[in-house]
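In my numbering, the protein residues as written are 18 to 210. Report on the following structure.
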């Protein structure tokens, strides 16, 4: 069971925390290749759970919603481990994602397989998104494909320069943003199926 928790205030600020223990159990060694494999599996599991959930009645409610959130949380945790495998370079054990124009901020700090987050969502994030499939397949999937393409290109020489690591992290910031947004929408029953 996931240990992920986010608390949102009325003025759009939030705090959150989680554990990476479940996400790290399947990793024999914390390296980029293993983390990417685990992250892809978690992403595919979200798609499978979504399809199973909407097959019967076309809705995600109750247990189905909880199951979907569990897999989204696992995916989020796998992404943090992937970031860690690339290396925390900019700041000590910190992921910093900001969109100054929209007012979005997400800061994640990891320490000993536990993470804490804080930040601010945008007012637009509070409104229902059109469809899960639109957000998942048309926004998140292209970001993942872009990341994997960059990774394959950079891994060809089996050495990752600082510049390549920073480019991979820039792609990961977009992925983390969309996963966070998807989680917020599902947890608050805002997204249409």
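Using N, Cα and C, we set each Cβ at its ideal position, and we do this for glycine too.
What are the boundary residues of the alpha helix (DSSP H) that includes residue 184?
179-204
With 16 other CB atoms within 10 Å as the buried threshold, where does residue 206 fall?
Taking all protein chains shown into account, residue 206 has fewer than 16 neighbouring C-beta atoms within 10 Å of its C-beta and is therefore exposed.
Am I right that residue 31 and residue 167 are in contact with their C-beta atoms under 8 Å? What's the rounded C-beta distance?
29 Å between Cβ atoms; not a contact.
Please indicate yes or no: does the CB of residue 125 lie closer than 7 Å to some heavy atom of the ligand PLP?
No copy of the ligand PLP appears in this structure; indeed no ligand is present at all.
Cα separation between residue 45 and residue 51?
8 Å
Could you check what DSSP says for residue 168 in three-state terms: helix, strand or coil?
helix
In this structure, what does DSSP give as the bridge partners for residue 85?
BP columns for residue 85 are empty, so no partner.
What is the residue span of the beta strand (DSSP E) that residue 39 lies within?
No beta strand (DSSP E) holds residue 39; the alpha helix (DSSP H) holding it covers 38-41.
Is it buried or exposed for residue 90, if we count other Cβ within 10 angstroms and need 16 for buried?
buried
For the candidate residues 141, 186, 117 and 172, whose alpha-carbon lies nearest to that of residue 161?
186
Residues bridged to residue 25 by DSSP?
Residue 25 pairs with 31.
So, is residue 33 buried or exposed, given that buried needs 16 or more other C-beta atoms within 10 angstroms?
buried
State whether the region 130-145 contacts the region 108-121, with contact taken as three or more CB pairs (one from each stretch) at a distance under 8 Å.
yes
Quick one: Cα of residue 127 to Cα of residue 59, how far?
In this structure, the CA atom of residue 127 is about 20 Å from the CA atom of residue 59.
Applying the criterion that 16 or more other CB atoms from any shown protein chain within 10 Å of the CB defines a buried residue, is residue 95 buried or exposed?
Buried, by the Cβ-count rule.
Determine the DSSP secondary structure at residue 175, reduced to helix, strand or coil.
coil
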